[in-house]
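S.K.:
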Amino acid sequence: MGKKTDQAYLTRGETQARIAELKYALHLMRQNRLVLSGSILVIFFIILSATATTIVSPDQAFDLNFSQSYCWPSSIISWTALAATCPQGSNFLLGTDGFGRDLLKMIILAIPLDISIALTVVTVATAFGVTVGSVAGWVGGKFDEIILRITDIFFAFPSLVLALVFAALFGRTIQNLTIAVLLVWWPIYVRLMRGQVLVEREKTYVEALKSLGVKPARLVLLHIMPNAIYPILVQMTLDIGGVILTFSALMFLGFSPDPALPELGNLAADGIGHVFTAPWLIVFPGVTILVIALAFNLVGDGLRDVLDPRLRR
Amino acid sequence: MCILDVRDLTVNFRTYRGEVKALDRVELRLYPHEVLALVGESGCGKSVTALTILGLLPQNAYVLSGQIIFKDVSLLTISSDQMRRIRADDIAAVFQDPVTFLNPVLTIGVQLEEALSLVQDWVPYVRVRDESSSEASSYNIKDYLLRRNPPRTEGSEIKAPKKMSEKVTREFSKNILKLVQLPDPERILTQYPHQLSGGMRQRCMIAMALARRPSIIIADEITTALDVTVQAQILRLLRELRDTIDASTLLITHDLSIAAEAADRIAVMYAGNVVEIATTTELFRNPLHPYTQLLMKCIPDVRRPVIRLESIAGSVPDLIDPPSGCRFHPRCPFATDACRSTKPIIKDVGSDHLVHCHLF
Amino acid sequence: MILVLFGVSVIVFYLARGFPSAFSPWAQYITVKTKPAQIEAIIKTHGFDQPLYIQYWYWLWDVFHGDWGYSNWANGLPTYVVFSSRFPFTVELTITATILTLAIGIPLGIVSALRNNTAADHAARIVALTGYSVPSYWFAYVLQLVFAYYFYTWGLPSLPSGGIISQGLQGTVPTVTGLPILDGLFAGNLGYTADAVAHVILPAFNLSFISLGYLARIVRASMLEVLRQDYITMARAKGLPERIVIYRHALRNALIPAMTLTGLFVAGLLGGAIITETVFSWPGVGYVSLIAVFQGDSNFLLLYSLITALIIVVANLTVDVLYVFLDPRIKY
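Residue numbers (my numbering), protein chains in the order written: chain H, 58 to 370; chain E, 40 to 399; chain A, 22 to 353.
(1) Among E:R370, E:N325, E:P344, which has the Cα closest to the Cα of A352 of chain E?
(2) What does a CB cutoff of less than 7 Å around V355 of chain E pick up in its chain, not counting 5 residues either side in sequence?
(3) How would you list, in chain order, the residues of chain A whose beta-carbon sits under 7 Å from the beta-carbon of A325 of chain H?
(4) Let me know if F399 of chain E comes out buried or exposed under the rule of 16 or more other beta-carbons within 10 Å of its beta-carbon.
(5) Using alpha carbons as the reference points, say which of H:L266, H:L166, H:I289 lies closest to L279 of chain H.
(6) Let me make sure I understand the geometry here. Which of E:C378, E:N99, E:F373 has the alpha-carbon closest to that of P362 of chain E?
(7) If we count the other Cβ atoms within 10 Å of its Cβ and call it buried at 16 or more, is P372 of chain E buried or exposed?
(8) I want to verify the contact list: residues of chain H whose CB lies under 9 Å from the CB of G28 of chain A, in sequence order.
(9) Y373 of chain A bridges to which residues according to DSSP?
(10) Starting from S302 of chain A, find everything on chain H with Cβ-Cβ shorter than 8 Å and list it in chain order.
(11) Comparing alpha-carbon positions, which option in A:L203, A:L272, A:T122, A:T111 lies nearest L282 of chain A?
(12) Quick one: give me the first and last residue of the beta strand (DSSP E) that F156 of chain H is part of.
(13) Mapping the DSSP letters down to three states, classify H26 of chain E as helix, strand or coil.
(14) Of the residues H:P288, H:L269, H:G298, which one's Cα is nearest the Cα of G152 of chain A?
(15) Return no unless some Cβ of chain E is closer than 9 Å to the Cβ of H143 of chain A.
(16) Excluding the 5 residues preceding and the 5 following S296 of chain E in the sequence, name in chain order all residues of the same chain whose CB lies nearer than 8 Å to its CB.
(17) Strictly under 9 Å for the Cβ-Cβ distance: is S195 of chain E near chain A by that measure?
(18) Can you name, in chain order, every residue of its own chain whose Cβ lies under 8 Å from the Cβ of I38 of chain E, other than the five neighbours on each side?
(19) At least one CB of chain A closer than 9 Å to the CB of N312 of chain E: is that the case?
(20) Taking the DSSP output, what are the residues bridged to F109 of chain E?
(21) In the DSSP assignment, the alpha helix (DSSP H) including T139 of chain E goes from what residue to what residue?
(22) Whose Cβ in chain A lies nearer than 9 Å to the Cβ of M247 of chain E?
(23) Take the Cβ of A184 of chain H as the centre, count every other Cβ of all protein chains shown within 10 Å, and call the residue buried at 16 or more, exposed below.
(24) Mind listing the chain H neighbours of V25 of chain A? Cutoff is C-beta to C-beta under 8 Å, in chain order.
(25) I'd like to confirm the pairing. Which residues does DSSP put opposite R264 of chain A in its beta bridges?
(26) Run the CB neighbour count on R367 of chain H, radius 10 Å, all protein chains shown included, and call it buried at 16 or more, exposed below.
(27) Can you confirm whether G299 of chain H, when its beta carbon is compared against all beta carbons of chain A, has any partner nearer than 9 Å?
(28) Between the Cα of I204 of chain H and the Cα atoms of H:V179, H:V222, H:I245, which residue gives the shortest distance?
(29) Tell me, please, whether the CB atom of R90 of chain H is closer than 9 Å to any CB atom in chain A?
(30) Helix, strand or coil, according to DSSP, for G152 of chain A in the structure here?
(31) Return helix, strand or coil for T329 of chain A, following the three-state DSSP convention.
(32) Would you mind telling me which residues of chain E sit closer than 8 Å to Y344 of chain A, beta carbon to beta carbon, in chain order?
(33) Look at T110 of chain H and Y127 of chain H and say whether their C-beta atoms are less than 9 Å apart.
(34) Three-state secondary structure (DSSP) at F52 of chain E?
(35) CA-CA distance, V322 of chain A and V189 of chain H?
(36) Based on DSSP bridge pairs, tell me the residues matched to K60 of chain E.
What follows is the structure, given as structure tokens:
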């Protein structure tokens, strides 16, 4: 075999076909109004995260003023009978938290933190999971068995418990909490990728490429991966919302390193003891999480509809 | 006189890449008690014609123009409920690949009894003299299939219940399976489709069609998924059933030899047009349309030594952008300017032989 | 399966006992007043100074003799008593939540599939996606706010904000199954049952809201796929009314993957929904496990994690068996 066949790059035709597919997929997505609004929201949040520190200066988080804590600006909308109103002249749009900080500003500061953690976790989990999964699927045998058992063990833990235990033991820093969430998330990518590789491995084009002498690494990377990537992309998008939910849940349950940290779950935790005196503290950070997760889920759901080859027309 | 009259039928499909002009002014007539074969290559519109007649076109298809008259009822204008009624009573369909066309999680018995449960307007025999005999045994399956009413004898009562009782349904299911020559019907009723062989599944589908005592049976490529010996068995079954049942059959196939064996008349389709219709003997004796002639040449003759397999030059046209005028002209060895510009109209060249071609 | 359980127990054991952390394993057995010498003695008797694998062996030995250890923070009760006294409440919550999920999720998915790309589909899609975008603790509090507080202040009939049964009614009915609703029914005390139902509705809805979204999406996807199958065309060609085509032919095939999901969902719930139970003060297993984590009670955590792992493994097996029943094509 000459060097040329050994390389076996994607042919022109293959690439053109893939591009046409992607164009069709985008066209379908554009047609669905819900998915479109979801994508707009996602873009909005990403821009917001990037520019958050210019809108609100981070040292606002340290601007503690206990005299105006737990107050709601306008007396027109009274949340509950026990809610306090802010002193005259203050322009807090969403009320204040326990430290007397403007809730809206804290939320804006918190969004980049949550989104960046979510992106980190998902990227790392995918990279690791996909690698391990494709090796397990390709090589098979004992190695595959072992990996399968390990993922089984991880799946046997309810997700929150695993993260909880890890966080409880290793101490409460953001890094540790990120790792805790990562531990919960990586097995699904291993399983997904492994499943895909197992299916693709039996197909005739793989046999054809093997007989041409293409090395396994290149085969998996250049040829199997593009075919297998769709469900993984969908899972990644959907998981971003899931990671934010889990991470903020951890914060909410009390694992935050710093009670004043602007993080959505942490802000909400502040309101636990004040459900009837300052309900906005729980409501608004939660709504933010909801909207972010909903946006990503809309896009992911739309992607799933569109990229599923069986559901396409 | 004819029970199914398809006139000027044009059907389009809306797709992402454009409008597929699947059927272009198709004309067809089906007479009582005959077998009409609809022959053509894959993608020429045979199945689309069948689906249009049944009213089962997918959502992105629509009928641009034309009429389908069945026993004085215009099928394209009636409500979907009425169409459903017609599918349950009068027009039955048997499809190609029973593996995908039978529900895998339901037993054959359930699926067959479903077909029977829709039957209305059947009249059982009742033997008044012997009252101890079971209900079911007094029903004659052949009379049932031919929709023959029992004779009025002195003092007899004709009970005409609205629907069949369970016992009757079970008996009839077994009898119909026996009719299609399936061994051990009792067991088959309890089995699932994947447990039967291809030929047996196809017989079950035929049984489901017969159970409704239709006036028309549409058989869409029923032998394509079977191997040749089973194919022969099924065709023989259809031949034998012709006397028992009272229906006309629209036999759709891509295999001219099957049409030759089983059909009384043959209609040849190409790219959404019916190009020639004639009786079988007439067609083989005197094929007029160039496409038909080329098709005949493609069939290898068992008796003569094989020199070279014939084929027709060119390929099937893209129906999103079909050729102008006569759709066959790019591949036709006799194409003229008229063929390229205008569509030919049907001409009757005598002895019931119709052609769509400028040459005649 | 044994391997998985073994793996789980090893991991938890190591994390709980071996890992240098804030909680010392012997914290269970001492109080503030214990003198250092007594602490030494306790350490020696319970073998906390031994290497880990020996400790593990001791634990295994104890377990096989039925001794799962004691939970000091729960009045020194044996751990399995702590678990079993709370488990029925979690079961009640799980059953109610599952019923709600199936009752709302499946029709939602069917509607989405049948009216694909219409307004109804979009509405159903938003509801479903909101379901699994919502943080469960937040939703729990919002439910409490709206149904317990606001309804009350607005004079509408309100639901209780926590607990399994109202204070006044506690203990008025003999415990047969441990589930308040069933106990009330067995005793014929409808007032008790109604009160129990009122208490379980909010937490159950909180739990089910999240998974019914997921279920609806899966039902929708499999329905759409099934509706494109040839046998559906055949069923319509037989002239069957559309209702029968959908319910008898399509659903039977489409619900199979949904059942797997439901099985796993139930298994996860039986492990205790920590957040929901905490917010609604529901004295179930999840609530208690959170306390155990904060108390560093390794005995209880071992018991708890092993039982949950067991439930999940059993659920997986059950689902596999169920598959064989539902889909006649699968044979063992």
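C-beta atoms are modelled at their ideal positions from N, C-alpha and C, and glycine is treated no differently.
M.R.: Reading from the atomic positions:
(1) Residue mapping note: residue 352 of chain E aligns to position 313 of the second sequence, counting from 1. When each option's Cα is compared against that of A352 of chain E, the closest is E:R370.
(2) Walking along the second sequence from the start, residue 355 of chain E turns up at place 316. E80, G82, A310, listed in sequence order.
(3) Mapped onto the first sequence, residue 325 of chain H falls at position 268. Ordered by position in chain A, the residues that pass the 7 Å Cβ test against A325 of chain H are W159.
(4) Along the second sequence, one-based indexing puts residue 399 of chain E at 360. Exposed: under 16 other Cβ atoms inside 10 Å.
(5) Sequence index remark: in the first sequence, residue 279 of chain H carries index 222 (1-based). Checked all of H:L266, H:L166, H:I289; the closest Cα to L279 of chain H is H:L266.
(6) Translated into positions along the second sequence, residue 362 of chain E becomes position 323. Checked all of E:C378, E:N99, E:F373; the closest Cα to P362 of chain E is E:C378.
(7) Sequence index remark: in the second sequence, residue 372 of chain E carries index 333 (1-based). P372 of chain E should be labelled exposed.
(8) Mapped onto the third sequence, residue 28 of chain A falls at position 7. In chain order: R206, I207, D209, I210, A213.
(9) As shown, chain A starts at 22 and ends at 353. That puts residue 373 of chain A outside it, with no answer to give.
(10) As a first step, residue 302 of chain A must be located in the third sequence, where it is residue number 281. One finds nothing in chain H with a Cβ atom closer than 8 Å to the Cβ of S302 of chain A; even the nearest lies about 12 Å away.
(11) As a first step, residue 282 of chain A is located in the third sequence; it is residue number 261 there, counting from the start. The shortest Cα separation from L282 of chain A among A:L203, A:L272, A:T122, A:T111 belongs to A:T122.
(12) Residue numbering aside, residue 156 of chain H sits at position 99 when the first sequence is read from its first letter. Run containing F156 of chain H: none; DSSP gives neither H nor E here.
(13) Look at the range of chain E in this structure, 40 to 399, and you will see that residue 26 of chain E is not part of it.
(14) For the purposes of this step, residue 152 of chain A is identified with residue 131 of the third sequence, where counting begins at 1. Answer by Cα proximity: H:G298.
(15) Against the third sequence, residue 143 of chain A aligns to sequence position 122. No, H143 of chain A does not count as interfacial toward chain E.
(16) Here residue 296 of chain E corresponds to residue number 257 of the second sequence, with the count starting at 1. Here the set comprises I338.
(17) What you label residue 195 of chain E is simply residue 156 of the second sequence in a count that begins at 1. Annotation note: pLDDT 49 at S195 of chain E (below 50); position unreliable, no value reported.
(18) Because chain E spans 40 through 399 in this model, residue 38 of chain E falls outside it and cannot be assessed.
(19) Here residue 312 of chain E refers to the residue found at position 273 when the second sequence is read from its first residue. Chain A, which has no Cβ nearer than 9 Å to the Cβ of N312 of chain E, makes this no.
(20) Here residue 109 of chain E is taken as the residue at index 70 of the second sequence, counted from 1. F109 of chain E is bridged to E:L43, E:V112.
(21) The residue you call residue 139 of chain E lines up with position 100 of the second sequence. Looking at the DSSP string, the run of the alpha helix (DSSP H) that includes T139 of chain E is 137 to 140.
(22) Within the second sequence, the letter at position 208 stands for residue 247 of chain E. Result: M255, K259.
(23) Translated into positions along the first sequence, residue 184 of chain H becomes position 127. Exposed, by the Cβ-count rule.
(24) Taking the first residue of the third sequence as position 1, residue 25 of chain A is located at position 4. Near V25 of chain A (Cβ distances below 8 Å), the residues of chain H are R206, D209, I210, A213.
(25) Against the third sequence, residue 264 of chain A aligns to sequence position 243. Note: R264 of chain A sits in no beta bridge, so no partner.
(26) On the first sequence, position 310 is the one that residue 367 of chain H refers to. Residue placement at R367 of chain H is poorly supported in this model, since its pLDDT is 47, which falls under 50; the coordinates still yield a value, given next. Result: exposed.
(27) Translated into the one-based positions of the first sequence, residue 299 of chain H becomes position 242. For G299 of chain H, the answer is yes, since a Cβ of chain A falls inside 9 Å of its Cβ.
(28) In the first sequence, residue 204 of chain H corresponds to position 147, counting from 1. Nearest option by C-alpha distance: H:I245.
(29) Translated into the one-based positions of the first sequence, residue 90 of chain H becomes position 33. Contact of R90 of chain H with chain A is assigned, a C-beta pair being separated by under 9 Å.
(30) By one-based count along the third sequence, residue 152 of chain A stands at place 131. Here G152 of chain A carries a helix assignment [DSSP, helix/strand/coil].
(31) As a working mapping, residue 329 of chain A is identified with position 308 in the third sequence. If DSSP states are grouped into helix, strand and coil, T329 of chain A belongs with the helices.
(32) Counting from one through the third sequence, the residue named residue 344 of chain A turns up at place 323. Neighbours of Y344 of chain A on chain E: none; closest Cβ ~12 Å, over 8 Å.
(33) For the purposes of this step, residue 110 of chain H is taken as the residue at position 53 of the first sequence. For the purposes of this step, residue 127 of chain H is taken as the residue at position 70 of the first sequence. Not in contact: T110 of chain H and Y127 of chain H (Cβ atoms no closer than 9 Å).
(34) Along the second sequence, read from residue 1 onward, the residue named residue 52 of chain E stands at position 13. Residue state, collapsed to three classes: strand.
(35) Reading the third sequence from its first residue, position 301 is the one you call residue 322 of chain A. Reading the first sequence from its first residue, position 132 is the one you call residue 189 of chain H. The amino acid at residue 322 of chain A is misidentified as Val; the sequence shows Leu. Answer to the nearest angstrom: the Cα atoms are 30 Å apart.
(36) What you label residue 60 of chain E is simply residue 21 of the second sequence in a count that begins at 1. Answer is E:N51, bridged to K60 of chain E.
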